[in-house]
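Enquirer: Throughout the sequence shown, residue numbering follows numbering that gives the first Met the number 0, covering 0 to 209 in sequence.
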Amino acid sequence: MSEAAVRANIVRWGKSLFDRGLTAGSSGNITARVDDGFIATPTNSCLGFLDADRLSKLDAAGNHISGDPPTKETPLHFAFYEGRGCAAVVHLHSTFATALSCLSDVDPTDALPPITPYVVMRVGRVPVVPYTRPGAAEGKRLIAGIVAGHSAALLENHGPIVCGATLDAAVFAIEELEEAAKLAILTRGMPVRHLSQDAVADLNATFKLR
Ligand SMILES: O=C(O)[C@@H](O)C(=O)COP(=O)(O)O
Ligand SMILES: [Zn+2]
């Protein structure tokens, strides 16, 4: 995909996510790989009103080379790029996934037990990464510790972050994470039937995640 097409796709998905209430105000950020580096949403920008020409450009090492100053979460995004060789990363403050990230009794190694096949197919196991101040460099080390086995995480008391082989795949995955988090919250305290380990293994074998 050309850089112009990547920029246009970030603007298109940013507007779609914002218009559907999946992140509010100037929260959330998107980055995507291009041939000679990365395109990132600018810090303090609203995902609903991005300007393709003002998106931040970073070189392959993450240095800001043009456009507005990049999201302060660049280190988190780079933990995914470096650890998984993915092509895009999306972070949102979507309501239900963020609510899940605030619950003190979820399993930090598996915050979203397999409630439907699609979340297994699109997202996989979701750990909770301990709280750090947004933009803190320490967050990169914590994400780096989980990326080998995970393409998604909940930032504790903050929100979801997901990577994908394409920007479309990363968006689909973070949307599915939000839907599964909604189901998990809506059914909390109810006698939920989770998918069996055999069913999860079958899904993982049939629909390889990235
Ligand atoms: O929660 C935060 O402050 C950031 O994680 C965020 O969502 C928006 O930060 P910027 O991308 O730097 O605007
Ligand atoms: Zn955030």
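No residue lacks a Cβ here, since even glycine has one placed at the ideal position from N, Cα and C.
Using three-state DSSP, classify residue 71 as helix, strand or coil.
Expert: Here residue 71 corresponds to residue number 72 of the sequence shown, with the count starting at 1. Coil.
Enquirer: Just tell me which of 43, 156, 118 and 67 has its CA closest to the CA of residue 211.
Expert: One cannot answer for residue 211 here, as it falls past the ends of the chain, which runs 0 to 209.
Enquirer: Is residue 76 near ligand 2, in the sense that its beta carbon is under 8 Å from a heavy atom of that ligand?
Expert: Residue numbering aside, residue 76 sits at position 77 when the sequence shown is read from its first letter. Every heavy atom of ligand 2 is 8 Å or more from the Cβ of residue 76, so no.
Enquirer: Would you please state the rounded distance, in angstroms, between the beta carbons of residue 126 and residue 107? I believe it to be under 8 Å.
Expert: In the sequence shown, residue 126 corresponds to position 127, counting from 1. In the sequence shown, residue 107 corresponds to position 108, counting from 1. Sure, about 6 Å apart at Cβ, within 8 Å.
Enquirer: The alpha helix (DSSP H) that contains residue 43, what's its start and end?
Expert: Residue mapping note: residue 43 aligns to position 44 of the sequence shown, counting from 1. Run containing residue 43: none; DSSP gives neither H nor E here.
Enquirer: Whose C-beta lies closer than 8 Å to the C-beta of residue 150 among residues of the same chain, with five residues either side of it excluded?
Expert: Walking along the sequence shown from the start, residue 150 turns up at place 151. Excluding sequence neighbours, residue 150 sits near 79, 83, 85, 122, 123, 161, 162, 163, 172, 208 and 209.
Enquirer: Taking 8 Å as the cut-off, does the CB of residue 149 come closer than this to any heavy atom belonging to ligand 2?
Expert: Locating residue 149 in the sequence shown gives position 150, where the first residue counts as 1. Not under cutoff, so the answer is no.
Enquirer: Among 77, 118 and 41, which residue has its Cα nearest to the Cα of residue 67?
Expert: Position 68 of the sequence shown, counting from 1, holds the residue named residue 67. Considering only alpha carbons, the answer is 41.
Enquirer: Look at the Cβ atom of residue 93, then the Cβ atom of residue 190, and state whether they are nearer than 9 Å.
Expert: Start at 1 with the first residue of the sequence shown, and residue 93 comes out as number 94. Start at 1 with the first residue of the sequence shown, and residue 190 comes out as number 191. Here residue 93 is not near residue 190, since their CB atoms are 9 Å or more apart.
Enquirer: Rounded to the nearest angstrom, what separates residue 175 and residue 33 at their Cα positions?
Expert: The sequence position of residue 175 within the sequence shown is 176, counting from 1. The sequence position of residue 33 within the sequence shown is 34, counting from 1. If I take the Cα positions, the gap works out to 25 Å.
Enquirer: Just verifying my parser: in three-state terms, what is the DSSP assignment at residue 37?
Expert: By one-based count along the sequence shown, residue 37 stands at place 38. Reduced to three states, the DSSP call for residue 37 is strand.
Enquirer: Suppose you measure from the CA of residue 117 to the CA of residue 81; what does that come to, to the nearest Å?
Expert: Sequence index remark: in the sequence shown, residue 117 carries index 118 (1-based). Sequence index remark: in the sequence shown, residue 81 carries index 82 (1-based). Going from the Cα of residue 117 to the Cα of residue 81 covers about 26 Å.
Enquirer: Quick one: what's got a C-beta closer than 7 Å to residue 25's C-beta in the same chain, skipping five residues either side?
Expert: Taking the first residue of the sequence shown as 1, we reach residue 25 at position 26. Answer for residue 25: 43, 44 and 45, listed in chain order.
Enquirer: On a Cα-Cα basis, can you pick out the residue from 59, 128 and 21 that is closest to residue 31?
Expert: Within the sequence shown, the letter at position 32 stands for residue 31. It is 59.
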